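Take a look at the structure set out below.
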Amino acid sequence: MSAPTHTVPARSGRAVPLPAGATLEIINPTGDQVVDTWALCPPDLDEHLSMEHTRTALGRLVPRVGDTLVSDRRRPLLTLAADTSPGVHDTLIAACDVARYRLLGCVDHHDNCHDNFHHALREIDLAPPPVLPAPLNLFMNVPWSADGELTFAAPPARPGDHVQLRAEVDLVVVLSACPQDILPVNGRHLTPTEIHYRVTTP
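Under my numbering, think of the first position of the sequence shown as 13, with each following residue one higher.
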């Protein structure tokens, strides 16, 4: 029997317990949706997936299939087991928050990945860490130039593209369907959409 498919509604987040050896498949139904992704080690969540440590371990900015992503203690946490997309992801950009949207001109409250992270953990009775780690931004397209300039572009993923992340230790993974609708982070139509996920165990 295949694993059930779950939905994370547009602009919201979900915390997913992921035991060691299990695989989390994250599906991009439209191809346009960025998924901010975190992994934390239970029960106290004081060890987490670290983009800066992962870049050091891999020697590159974007993980490839077969690469293992590490924690802030340099311990293997997740392996990128499969990726049907063009392989464009981001490890540089911080999660969006209220302050970011104010800088972009928003006056009223705007949904954001920072709040999604906190709400998702509290929904499963876990206290969020005091400092939000930098996320793995799946499907996010942030091209960089030879002189170090960054731009925000639409994702090149196709409808139905997915990645599979295998847990090397027991984890809680937090997924946020990024609410960005000002920059073309979620496609040129500036419309955040839902994402799907499945968990399979050995």
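Cβ coordinates follow ideal geometry from the N, Cα and C atoms, glycine included.
Predicted model, so just to flag it, every value in this text is computed and none were measured.
Checklist line | Neighbour-count burial assignment, Gly25, 16 or more Cβ in a 10 Å radius | finding: buried
Notebook entry, point to check: Looking only at its own chain, which residues have a Cβ that is under 6 Å from the Cβ of Ala32, when we skip the five neighbours before and after it?
Noted result: Short of 6 Å from the beta carbon of Ala32, and not among the five residues preceding or following it, lie these beta carbons of its own chain, in chain order: Ala179, Val181, Asp182.
Notebook entry, point to check: Alpha carbon to alpha carbon, how far is Glu37 from Ser157?
Noted result: 31 Å
Note to self: Let me check one thing: in DSSP terms, what residues is Leu36 bridge-paired to?
What the structure shows: Leu177, Val211
Next item on the list: Out of Ala106, Leu177, Asn198, state which residue places its alpha-carbon closest to the alpha-carbon of Ala51.
Entry: Leu177
Margin query: Do Ala165 and Pro155 count as a contact pair if the criterion is CB distance below 9 Å?
Written below: For Pro155 and Ala165, yes; Cβs fall inside 9 Å.
Notebook entry, point to check: Distance, Cα to Cα, Val74 vs Thr103?
Noted result: 7 Å
Check: What did DSSP end up calling Ala69 once you bin it into helix, strand or coil?
Finding: helix
Check: Should Val28 go down as buried or exposed, given a rule of 16 or more other Cβ atoms within 10 Å for buried?
Finding: Of the other Cβ atoms in all chains shown, 16 or more fall within 10 Å of the Cβ of Val28; this residue is therefore buried.
Notebook entry, point to check: Where does Asp48 sit, in a helix, a strand or coil, going by DSSP?
Noted result: strand
Item checked: For Thr96, the nearest candidate out of Gly43, Asp56, Val119 (CA to CA) -> Gly43
Check: Near Val100, what residues of its chain come up, given a Cβ to Cβ distance below 8 Å and the 5 sequence neighbours on each side ignored?
Finding: Same-chain partners within the cutoff: Val74, Phe151, Met152, Asn153, Pro167, Pro168, Ala169.
Margin query: Along the chain, where does the alpha helix (DSSP H) containing Ala132 start, and where does it finish?
Written below: 125-135
Next item on the list: Look at the alpha carbon of Thr35 and the alpha carbon of His201, and state the distance between them as a whole number of angstroms.
Entry: 31 Å
Note to self: Assuming Ala22 and Thr163 are in contact, meaning their beta carbons sit under 8 Å apart, how far apart are those beta carbons, in whole angstroms?
What the structure shows: Wrong, their Cβ atoms sit about 24 Å apart, outside the cutoff.
Notebook entry, point to check: Which same chain residues, not among the five before or five after Val197, have their C-beta less than 6 Å away from its C-beta?
Noted result: Val46, Phe164
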